[in-house]
Every structure is written in structure tokens, then in C-alpha cells.
Amino acid sequence: MTEEVIEENAQEDVQESRSQVVIPLLQHKGVICEPLVSVGDTVKIGQKIGSFDNDLGAPVHASVSGEVIALEERPHPICSKMHSVVIEYDGTQEAIRFKGNRSANKDEILETLKESGIIDLDGNSVYFKLNTGKIIDSILINLTDAGDLSSNFTPENIPQIISGLKILLKASGASRGAFVVKKDDGQTNSALKGKLGGEDDIDLFPVKRGYSSTMLNLLAYEMTGMRVSNIGIPADVGVLIFSAYSALAVSEAVLEGIPPININVTVSGAVKQPGVKRSVVGTSFREVIESCGGYVGKPGKIIVNDIITGIAQFTDEVPVTKATTQIIVQSEDEVLRDKPGPCLHCARCVDVCPANILPGLIASQSDIGRYDECEKLHANSCIECGLCSMVCPSKRHLLQLIRYSKHALLRSFMIREEKESSNLKLGCASCQSPCHMGAPMIFVEGK
Amino acid sequence: MKLAVSVPPHIKLDDTIASINWTKIAVLIPVCMVSIYVFGIDVLSILLISVFSALITEAAIQKLQNQELTIKDGDAVLIGLILGLLLPPTVPLWIPVMGAFFAVALVKHAFGGLGSTLFNPAIAGLVFLNMSWTVLMGVDSVPHLGQYSDIMLELGAGRLIEVSPFALIGGLYLIHKKYIEWRIPLTYLLTTIVLAVLIGEDLSYVFTGMLMLGVFILAADPATSPITKNGRIIYGIFCGILTVLYGYFSYNYGLAVIFTIFFANAVSPFIEKNTYPKPVDEVMA
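Order-wise, the sequence lines are chains A and B.
With the numbering used here, letter number 253 in the first sequence gets 238, and the count goes up by one each step, no holes.
With the numbering used here, letter number 33 in the second sequence gets 212, and the count goes up by one each step, no holes.
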């Protein structure tokens, strides 16, 4: 076995002028990492600063070298406030020795992925996705998510993405790999076809529509023809779906030993020079936007990841995390200030729904508290893509009403006796009798 | 720095209730002009009185109930305009007032207002007028498209809407803008024509301005048609069959469209309930 040791400066193409970075200890779906450093410690680039005991989470690494000045709650793009490690940048580019392994076997690859803590765009760590214990038939790289595509799929990155896919095939034991590309996306199609000449086990799979990271079950159905249950994952039908970002990070982690500390972020909207910026994890959005020339006029809204389902930020001090692909800035007059009206029953939500449910009807039932009806109308099948809210001519908050009914159904339980109106009660069930915690009875009789 | 925080999505389509309704009104304007040309300037008073009675009724109801005034969204104007177009040119001027009041007060607002109506208000208004003042509502002639130029200008029209089937071509623009969906208009039109040809009916009686209004505006009215995709196809076919049945036995394809859609509105919830789609993620047994 030949082992290459690559020691290099991982920070070469990142701008220099930065005083501190904020690295949240939770960047994935799962448990919060325990900090491995304390205030006053000196850390190097790539040093592990947060970890955990079980397989569910993903460790975090220092992205700059310097001194830990605080361990406290800081703004977070998804969780609003989160325990973070604040590192003051000391000006040196001191890095730990990154160990690459070009001929790693399956177990070594899995071990590397576990240690490097790569997170896919759906929030699950790549190691967790590979380690489900299910038989995997094929691995897909989803190239239909616009934000992921614009950030990570550049012509220079294509060989790395292909090698990332090969590593993932080796790690999962799958026999086939494929790139999922939109049919009308000629640029991506032609760029890939040129590079895939000699590969036999890697295919191109054209699909009609775009699939964001919340719609992976749907993509698995499109690929295999097998339906995935709404609590299931694509691995149930033998498919694993990764983003271009994960493939890139996997090849970097395994071949060069570098954990994901440099992230490609597309900045668009009301900034002076929109474009793709390579930023270290923990840089605040303000610094990323300043490196794009700053705001045009007064910013009205800053949205992370996706303009349809992304989260609007309350401050621009939130850090770039491992699952950030896009920062969208809206100017003040682009911010929507519409008022929801009555449902017209125009059925445009039904026509756009990729999950084939009736969003308008579910939202109306959720609005009046009839969650039992919502369940009958398959509210739980909603994949929360937000298209129904986008096309609604009456500007109703369909996505939020359906989400509300899904949360209510999670908390609900059936009561035995038949009733004329709603037969669902909500709450923790102990609410039927006076609460032992002294809380007032909140959910009584459906609404 | 102040940033707006709101729930997703952060962009929405520009279409609103008002834009949908005013586009439908714009599609009906050409046929109004042709009818004024054919029947004289007097019919303008029928249309205006119908529109204004509908507006005043809606405003009065919303004022009385302390609701927000929504006359700007164009729904009352649309109801009044369609009702005026469905009338014969010879009616006394109090007829549109009665019809518009009935349509807006008892058919639209009594059932819950915009989007919640069980029947199309304009059609229910016409049915009410027809039953109450049958003699006054009689038409002088039944349209017959004897030659091709009658598609453009039909001088034998009995009602304002029947003067020109071609003037309603703007309905295609509504489909293009997705303000109405293609399933109902297409299946309704195809079923009617195919059935009429099959039973040997003269197409020149079938293909009137009334049918075009029914296909593009009345049958595809969002509130009274099924919301499921399959339901809409069944609804369109159902409308087509009923139109030919009514027309074949009553020799009046104009009123056939009206009573067809009136009846189809009544069964639309039943069609909808029985065509709920299967969600994509359901696990096959």
C-alpha cells in the first residue's frame, strides 16, 4: 500500500483580512458536539475542536489557526442561536499534517469520512448515510439543485466530483453510479459527457425537473419506480443520493485528508459583484458579502440556501456552515409584504405539487383545526418544497399551514369514543387531567 | 441594520385574485363591443346596470357586516358582466338589477363569499330570472351559424353573448396564463363536438357564443369545478354529455349550456371527493 502524505497550505485562495471565525458545534441533523478545546487554547487549521461519542453526528474542525477566545452562544443560520467556538485568527497559516490515502480500502474510507465530518446538503452526515446497514444498489449524484450546481459544479471540479463518486461507490459496495441531470440543462450535460468517456459503471440519468435536497425520496421514486414511505429514506429502495458538494468534499477528505473547512458559496441578489466565493467555515455572512463588494442599497432580507425554502436571517453575523451553498440578498423593495386572502379553489397548488397531494384543501382543514381530516388527505406525504405557496394567487401560507398540521399530528393521539366533530385531541396526553407540572390545559377539543 | 424575517417562500408569482378577474373581464370586452354594434347602444345600459348593481350589492353587504371592501378584486364586476351578457337585449332595465342582487347576495355571499360558492353566481342569477320572469326573458331568435362569417358576426343572436363566438378567442390567453386550466375547456369542447357529430346534430346550432363562454369562463370557474386533476377531466366530459342531451331534446343549445353547468356545479363536490389522488410516497403493499 502506498501512502502519500500531503502537507500543504489549505488557505491559499481565501482572503486574508479576518479577525475571528465562529464555528457552531451543531451543523448537521443530530446531537450537539462536545467541545474538545477550552478558552485560551491555540488551535491549528484542521484540528478537531468538537466531537461526540456515537455515530449520529459529525465532528467539527478548526478552519483557521489562532486562539480560542470564547465558547458561547452565537447566531446560527438554522437554529437562530447555537453553542459555538470563537477563534481569533493569529495571522499564521499553521496547519496540522493532512494525510491522504489514494488506495484506501472500504473500512479506511469509512473511518476517514467519520473523522472528517462531511455533511450532505440535507443535513445528514455522509458517514451516517453510508452506514445505514441497508443493501445499496446504486449511488446518485444529484446535479439538479440550482444552488449546489452553481457553487460546486465548475468545469475544474468535475474530475474531483467523479473521483468522489468512485470513492462513495467503493465505500458503499454499490455496483453502479449515476449523475442525475436536468434534461434541458445543456451546459451540465455536455460538460459531463466529455469527462465520462472511459467510465463504464457511471451513467448519466436525465430527469425532467429539479430536485432540491428535501426531495430525495421523490428522486429515488423517479429513478427506481419504487415508492419510498414518508418516514423512509432513499436507502430503503437501494439508492443513496448525494449532492455535488458531498462528492467534492469526499474526494478532498479521502485523497488529500482535508476535512471540509473551505466552502464554495454562491452570493446572489442585491450585492455589487455576485458570484461564487470560497470561504472558510465560520466566516460571517457580512464578511462574505463584503468580499463581493458589499450591498447595493439597503438590504431587506438575507436568505440562506434556497429562495423558495431557505431561511431568512435575523442578522448578517451568522457564520457560513458546512451545509451553506447560497446566500441570497433581497433589497428592501423586493421583500414580499402580501396579505393572504381566501382560497379560490383554483387548484394551481394541485397542479404543481410533486408529491401529488391536495395542498390547498389540507391547508384549509389545518386552518380550522381539523387535523384528522388533514391526515386523511395525506398531509404527512408533504415534502415541504414550497411550490404551492409560491404559485398561490391568493398568497395563502400553504406550506406553513401544512407544516403546522404535520406537527399537530405528531403530538396528537386518538381517543376511543366516536364524536361528531374532530376525534383528535392534541397535547402530551397528560393534559386530559390537570397537568402535574401546573401548566394550563392548552389544547382542548381539537383547537 | 434591520432585516426582514419571514417564512418561506421568499419569491411568489405575480398573479393575484385581482389580476385573474380583471384579465377575464378584458377577455369579455370584445364580445361586449360586438353586441353593442349588433343590438345598438341600448344594450350598454343593460351591461352597465348589471355591473353596477353587482358592485353596489357587494359593497353594501361588506359594509353591513364590517368586512373589508373587496370590490377592487373585480369578482363582482365579473359576475355582473357575465350576467348582463347572458340576458336578451329586450329585457326591461330592472331585470339585471334583480339578477345581479340575487347572484351577489344570495349565491355568492350567503355561501361564504369569494371561492366558497356552490354555484356560479352569474348562472344561478340567470336561472333565477328565467324561472321568475319567463315571459320577459324570452329570446327573439336562436343563433344558427349558416355560413363561416357567422363565427365572426352572428346577426341572428338571441342573447348578447351569442353575437360572436370568435370574439371569445381570448380564452386561449387565459389558458396560456394558467388562469384557467386546460383540462376542463378541452374535454368539454371535445366531448360536445364529438357527441353532436355522433348523433347527427347540425354543428351550426351547437357551436354558439354561449358554448364558448361556457367552455372558457363558466365551466372552468375555479370555485365551482373540482380541484383534482382526474376530477376535472370527468367534469369536462360530464358537461359535454349533458350539453348535448339538453340541447338535443330542447332544441336550444344556448340554455343547454347554462343548465348543464348549473347541474354540473351541483355534482362537482361529489366528483372531487371520489377522485382524490394517491400521494407519491405511499408504500405499495
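Beta carbons are placed, not taken as given, at the ideal position from N, Cα and C, and that holds for glycine.
Touch check for the stretch 264 to 276 of chain B and the stretch 312 to 320 of chain B: three-plus C-beta pairs under 8 Å? yes
Length of the line joining the Cα atoms of N86(A) and D460(B): 40 Å
Distance between beta carbons of V45(A) and C18(A), contact taken as under 8 Å: 6 Å
Could you list which residues in chain A have their beta carbon closer than 7 Å to that of G253(B), in chain order? Ordered by position in chain A, no residue passes the 7 Å Cβ test against G253(B), which lies about 12 Å from the chain.
If we require 4 or more residues per run, which alpha helix (DSSP H) segments fall completely within the stretch 236 to 299 of chain B? 254 to 265 and 273 to 280
Local Cβ density within 10 Å of R401(A), reported as buried at 16 or more and exposed below that: Caution is warranted here: a pLDDT of 45 is assigned to R401(A), below 50, making its placement in the model unreliable, and no coordinate value can be reported.
Along the stretch 282 to 312 of chain A, where does the CB come closer than 9 Å to a CB of chain B? Name the residues. K283, P284, G285, K286, I287, I288, D291, I292, I293, T294, G295, I296, A297, Q298, F299, T300 and D301
Report back the beta-carbon spacing between L115(A) and L98(A) to the nearest angstrom; my notes put them in contact at under 8 Å. 7 Å
Verify whether the separation of the beta carbon atoms of Y196(A) and L189(A) is less than 9 Å. no
Alpha-carbon to alpha-carbon, K84(A) and G242(A): 5 Å
Name the residue from V49(A), Q311(A) and M67(A) whose alpha carbon lies nearest to the alpha carbon of Y230(A). Q311(A)
Element boundaries [alpha helix (DSSP H), containing S136(A)]: A131 to N137
In the DSSP assignment, find the unbroken beta strand (DSSP E) run with G109(A) in it and report its ends. It is Asn, not Gly, that sits at residue 109(A) in the sequence shown. Element bounds for N109(A): n/a, residue is neither H nor E.
Completely contained alpha helix (DSSP H) runs for the stretch 311 to 367 of chain A, where each covers 4 or more residues: 333 to 337, 344 to 352 and 356 to 361
Selection of the stretch 318 to 329 of chain A by Cβ proximity to chain B, strictly under 9 Å: E319, V320, L321, R322, D323, G326, P327, C328 and L329
Report all residues from its chain with a CB closer than 6 Å to the CB of K380(A); omit the five preceding and five following residues, and keep chain order. D323 and P325
When DSSP builds the beta bridges, which residues end up paired with Q5(A)? E73(A)
For a contact defined as C-beta to C-beta under 7 Å, what are the partners of Y384(B) on chain A? The premise fails here: Y384(B) is roughly 33 Å from chain A at the closest Cβ pair, so nothing lies under 7 Å.
Which residues, in chain order, does the stretch 403 to 427 of chain B contribute to contact with chain A at a C-beta distance below 7 Å? I406, T407 and K408
What first and last residue would you give for the alpha helix (DSSP H) that runs through N202(A)? L201 to T209
How far does the alpha helix (DSSP H) with R338(B) in it extend, from its first residue to its last? Element bounds for R338(B): n/a, residue is neither H nor E.
Could you tell me the alpha carbon to alpha carbon distance between P188(B) and T209(A), rounded to whole angstroms? 30 Å
For the stretch 333 to 347 of chain A, list every residue whose C-beta sits within 8 Å of some C-beta in chain B, in sequence order. R333, V335, D336, P339, A340, N341, I342, L343, G345 and L346
In three-state DSSP terms, what is F386(B)? coil
Return the CA-CA distance between F417(B) and S198(B), expressed in angstroms with no decimal places. 29 Å
Own chain residues within Cβ distance below 8 Å of T202(B), not counting five before or after: Y352, L353, K356 and Y358
Beta-carbon proximity check, S295(B) vs P327(A), cutoff 9 Å: yes
Given this structure, state the Cα-to-Cα distance separating I302(B) from L390(B), to the nearest angstrom. 13 Å
To which residues of the same chain is L293(B) closer than 6 Å at the C-beta, ignoring the five residues directly before and after it? D254
Could you tell me how far apart the beta carbons of V303(A) and P60(A) are, in whole angstroms, since I believe they sit closer than 8 Å? 5 Å
Cross-strand partners of P304(A) (DSSP beta bridge): S269(A)
Does the Cβ-Cβ distance between I292(A) and I313(A) come in under 9 Å? yes
Could you list the residues in the stretch 211 to 239 of chain B with a C-beta less than 8 Å from some C-beta on chain A, going in chain order? none
Against chain A, does F455(B) count as a neighbour if the rule is that its beta carbon must be under 9 Å from one of theirs? The residue you asked about is not Phe; residue 455(B) is Tyr in the sequence shown. It does: the Cβ of Y455(B) has a partner Cβ on chain A nearer than 9 Å.
Just to make sure I have the definition right: I need the residues of chain A whose C-beta is within less than 8 Å of the C-beta of P401(B). Which are they? L329, H330, C331 and A332
Exposure label - T306(A); buried when at least 16 CB within 10 Å: buried
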